[in-house]
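Numbering (the UniProt record's numbering), first residue to last: 1 to 145.
So, in structure tokens, the structure goes:
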């Protein structure tokens, strides 16, 4: 990702900022690294390095990927799956609920059924943890009826 940003910045500087100066030529390998965001993520997911591959599969990195790629419907699909896992931590379930509420607030709530499912799962978790003081806020975000 860093090299992609570096290449784009270098291209922008060369294209529009300083036209009257001579540039030191960069090696051809530098420019060959130019990749789209989709290619960057695909490269990480199929990396020969097992640590990189494993990191690309972590929940928080998958969320970052879908936000960066502006693939919010795909993110909703992942949140739907992750919410069904009975072993999902309360920490993550809370994060999913807040993320989905934020996306809904900014007009990116693409699937009301998934929003409701995530909120209900978090409410149920709060009930199981006897945290009744937190429940009304999340219930107020559910559709009436």
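We treat Cβ as the ideally placed atom computed from N, Cα and C, and that holds for glycine.
Residue 81 lies in the alpha helix (DSSP H); which residues open and close that run? Your numbering for residue 81 matches position 81 in the chain shown. Unbroken alpha helix (DSSP H) run through residue 81: 72-84.
*Express the C-alpha separation of residue 97 and residue 39 in angstroms, rounding to a whole number.*
Position 39 of the chain shown holds residue 39. Position 97 of the chain shown holds residue 97. If you draw a straight line from the Cα of residue 39 to the Cα of residue 97, it is about 30 Å long.
- Leaving aside the five residues before and after residue 125 along the sequence, list all residues of the same chain whose C-beta is less than 6 Å from its C-beta, in chain order. To locate residue 125, count along the chain shown from 1; it is residue 125. 90, 93, listed in sequence order.
Self-check item: Own chain partners of residue 41 with C-beta closer than 6 Å, once the 5 adjacent residues on each side are dropped
Solution: Within the chain shown, residue 41 is the residue found at index 41, counting from 1. A distance below 6 Å between beta-carbons, with the five flanking residues on each side excluded, links residue 41 to the following residues of its chain, in chain order: 65.
query: Does DSSP put residue 106 in a helix, a strand or coil?
result: Residue 106 sits at position 106 when you count from the first residue of the chain shown. DSSP places residue 106 in coil when its eight states are reduced to three.
Practice item. Taking residue 95 as the reference, give the member of 63, 53, 50 with the closest Cα. Key: Position 95 of the chain shown, counted from the first residue, corresponds to residue 95. Selected option, being the one with the closest Cα: 63.
(message) According to DSSP, simplified to helix, strand and coil, what is residue 38?
(response) Here the question's residue 38 lines up with position 38 in the chain shown. Three-state result, residue 38: helix.
Please report how far the alpha carbon of residue 45 lies from the alpha carbon of residue 53, in whole angstroms.
As a working note, residue 45 is residue 45 in the chain shown. As a working note, residue 53 is residue 53 in the chain shown. Straight-line measurement puts the Cα of residue 53 at about 5 Å from the Cα of residue 45.
*Just tell me which of 130, 113, 80, 128 has its CA closest to the CA of residue 141.*
Taking the chain shown and counting its residues from 1, the one referred to as residue 141 is at position 141. Ranking 130, 113, 80, 128 by CA distance to the CA of residue 141 puts 113 first.
**Report entry** Coil, strand or helix - residue 24 by DSSP
**Finding:** Taking the chain shown and counting its residues from 1, the one referred to as residue 24 is at position 24. In this structure, residue 24 counts as coil in the three-state DSSP scheme.
May I have the straight-line CA-CA distance separating residue 130 from residue 123, to the nearest angstrom? Stepping through the chain shown from its first residue, residue 130 is reached at position 130. Stepping through the chain shown from its first residue, residue 123 is reached at position 123. One alpha carbon belongs to residue 130, the other to residue 123, and they sit about 10 Å apart.
- [ ] Express the C-alpha separation of residue 118 and residue 84 in angstroms, rounding to a whole number.
- [x] If you number the chain shown from 1, residue 84 lands on position 84. If you number the chain shown from 1, residue 118 lands on position 118. Going from the Cα of residue 84 to the Cα of residue 118 covers about 9 Å.
Q.
Here's the rule: buried if 16 or more other CB atoms are within 10 angstroms of the residue's CB, otherwise exposed. What is residue 79?
A. Taking the chain shown and counting its residues from 1, one reaches residue 79 at position 79. Counting Cβ neighbours within 10 Å, residue 79 comes out buried, since at least 16 surround it.
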